[in-house]
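Chains as they are written, first to last, in this note's numbering: chain F, 40 to 367; chain C, 40 to 367.
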């Protein structure tokens, strides 16, 4: 009997979950829930229904894990704690500063419902966090570095599109290669924001718009661009569609640390991701943790957890015996 | 009150454990046990005693975790199960094929003693295994690649030194850069042994020895060298001491996998280590898992575990709340 999964919200992430379920024989898609009119939502999996959000509760006994695919700004702070009373839930809540509050709320709800809720799952927070923790526990005397990219930042792309005279735009965050090299060489550099990443923008201007003014507005935009070396390219709508419609991303988590009685030896631990599709990879992580939530709940556990609290074996469909034999 | 650690065996690994304890405020070295005459063993930590192996049992109530620093061939198969009856234990057992058997024996002993035994800790098995598991759970449709080096292989160095006419020698395992690049590019190559690694040997020949014969014996040695492109350099004893006395190592675990309804997106997960001192890094991993063993046993757990069974948070000296706030 496979683990029955529900998807709440069918955007890029929800669709990624659906694709990931297809690749895992022990998982099965039970239902998709949407705020849109279900009639207008075409999913990929044959024979699976699309329902209004409000109908989720009816599936309380049929869905083993509900994966919440909404946004961190407004959806997840409400949804995760609401559904954790009825379902084992997984979310990708990524507002770092609000994680403690979110954790407390989901913990109370999940304990009330005797369910497991795993929050902030994905790659950052998620796999990057895990690698920071492991590397810090091993090299207690060292320095952490996180670089993002090369990849599309939705927040920065949105910021460009809000500028007057901009029809469309896409922004890439790019790690500075020389900074990465200095870190890998064990130089433990102190890096400013500008020294770590550059930003490259591809902009479609509206006809007759003042491109020099748009470029200036982008480059001087506080928080988003003013602390970075930013390059702006004006291109046609066709070129943007053709060359920049993907959602790649990735990055590097590096810890450089010293061991030895006199700290005479240096070590570099590096974890990196190169992702063709940010939402599909994030979805693949969420699905592995959905399996873990199901198993933990079967064992009688409840409450809120993060990737830090889950033993790796729970993510796999293989037994402990198989894992020890083939993967250790 | 800090966690009291005992070290069983004071070679490179035992000394590495001692250095790692110095870097972790919540850990304290209680005693070192040796098969040698304790009078002849000088440790680095002031005020800590060195005792005969047979005296370990007397420290049953004073040592929280005993870290076993012997070899996998003969020491650990006996020691880990013996001491797991009295202590929480950690070992770095690395004979992959015998892990299931070792696990079963340590599990029975640790359950009998109501202790926790964590086996096969280090970087391979250990951190590399963990990264294989995480990457496989996330990208269920993909291929695994492990490369080792550049680093010193003790087994291969020993094999060289056993050859007639060889006074001393050191062997480096080196990953083939073009193979690494092909994997990183998502080409999913099928790689032969020869295509993945090369071997480089630095040999000190005895006076008058036939270097051509030694080189031939090395290059044609089955299992160790015959399946690899091997380079042999004859150097002086002084040069070997000066240039090749370190024990660096490292390597790469890469998973390349596809997602998407039509498997249209590729992803690369890469974990790599660049280590100045193989034993000191291994020791740093063992010490983090010693902390975990202590905490798990305090919670009432017992039996044998591997890195797959330990939630990451147990490795850290920080609380769950601190970890969520600063590392997630």
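Yeah, the Cβ is synthetic: ideal placement off N, Cα and C, and Gly gets one too.
{"Item": "Near the ligand GTP: residue 328 of chain C beta-carbon under 6 Å from a heavy atom", "Value": "In the structure on display, the ligand GTP does not appear, and there are no ligands present to speak of."}
{"Item": "Neighbour flag for residue 62 of chain F against chain C, beta carbons, 7 Å", "Value": "yes"}
{"Item": "Where residue 189 of chain F sits in the DSSP three-state scheme", "Value": "coil"}
{"Item": "Assigned exposure category for residue 261 of chain F - 16 Cβ within 10 Å defines buried", "Value": "exposed"}
{"Item": "Closer than 7 Å to chain C by CB, residue 194 of chain F", "Value": "no"}
{"Item": "Residue 236 of chain F (DSSP reduced to helix, strand or coil)", "Value": "strand"}
{"Item": "N-terminal and C-terminal residue of the alpha helix (DSSP H) that residue 336 of chain C is part of", "Value": "317 to 337"}
{"Item": "Chain-ordered chain F contacts of residue 319 of chain C [CB-CB under 7 Å]", "Value": "298, 299 and 304"}
{"Item": "Straight-line gap, residue 330 of chain C to residue 57 of chain C (C-alpha atoms, nearest Å)", "Value": "14 Å"}
{"Item": "CB contact check: residue 159 of chain C to chain F, cutoff 7 Å", "Value": "yes"}
{"Item": "Contacts that residue 235 of chain F makes with chain C (C-beta to C-beta distance below 9 Å)", "Value": "Simply none; closest approach about 19 Å."}
{"Item": "Which of helix, strand or coil DSSP assigns to residue 98 of chain C", "Value": "helix"}
{"Item": "Stretch pair the segment 312 to 326 of chain C + the segment 303 to 311 of chain F: three plus CB contacts closer than 8 Å", "Value": "yes"}
{"Item": "Within chain F, partners of residue 268 of chain C - CB distance below 9 Å", "Value": "Residues of chain F passing the Cβ test: none, with the nearest at roughly 26 Å."}
{"Item": "Among F:42, F:71 and F:89, nearest to residue 63 of chain F - alpha-carbon criterion", "Value": "F:42"}
{"Item": "Amino acids of chain F, ordered along the chain, whose beta-carbon sits closer than 7 Å to that of residue 59 of chain C", "Value": "298"}
{"Item": "Under 7 Å between C-beta atoms of residue 333 of chain F and residue 104 of chain F", "Value": "yes"}
{"Item": "Contact between the segment 204 to 214 of chain C and the segment 353 to 364 of chain F (3+ Cβ pairs under 8 Å)", "Value": "no"}
{"Item": "Among F:93, F:190, F:176 and F:199, the one whose alpha carbon lies nearest that of residue 295 of chain F", "Value": "F:176"}
{"Item": "Residue of F:137, F:95, F:141 and F:138 minimising C-alpha distance to residue 126 of chain F", "Value": "F:95"}
{"Item": "is_contact[residue 212 of chain F, chain C] using C-beta, thresh 7 Å", "Value": "no"}
{"Item": "Meets three-Cβ-pair contact criterion under 8 Å: the segment 282 to 289 of chain C and the segment 246 to 259 of chain C", "Value": "no"}
{"Item": "Interface flag, residue 131 of chain C vs chain F, CB-CB below 7 Å", "Value": "no"}
{"Item": "Proximity below 7 Å, CB of residue 342 of chain F to CB of residue 146 of chain F", "Value": "yes"}
{"Item": "Three-state class that DSSP yields for residue 305 of chain F in the structure shown", "Value": "strand"}
{"Item": "Chain C contact for residue 180 of chain F (CB, 7 Å cutoff)", "Value": "yes"}
{"Item": "Interface residues of chain C facing residue 207 of chain F [CB-CB closer than 7 Å]", "Value": "Going along chain C, no residue has its Cβ under 7 Å from residue 207 of chain F, so there is no contact; the nearest lies around 22 Å."}
{"Item": "Residue 348 of chain C vs residue 123 of chain F beta-carbon contact at 7 Å", "Value": "no"}
{"Item": "Whether residue 161 of chain C touches residue 288 of chain C by CB criterion (7 Å)", "Value": "no"}
{"Item": "Rounded Cβ spacing between residue 235 of chain C and residue 291 of chain C (contact assumed at less than 8 Å)", "Value": "The Cβ separation is near 10 Å, so there is no contact."}
{"Item": "Reduced DSSP category for residue 105 of chain F - H, G, I as helix; E, B as strand; rest coil", "Value": "strand"}
{"Item": "Sequence-distant residues of its chain with Cβ nearer than 7 Å to residue 219 of chain C (five each side left out)", "Value": "186 and 291"}
{"Item": "Residue from F:188, F:174 and F:340 with nearest C-alpha to residue 373 of chain C", "Value": "With chain C represented from 40 up to 367, any question about residue 373 of chain C goes unanswered, as that position is not in the structure."}
{"Item": "Option in F:279, F:203, F:99 and F:222 with minimal Cα separation from residue 153 of chain F", "Value": "F:99"}
{"Item": "C-beta neighbour in chain F for residue 286 of chain C, strict 7 Å", "Value": "no"}
{"Item": "Partners in chain F for residue 324 of chain C, counting only beta-carbon separations shorter than 7 Å", "Value": "177"}
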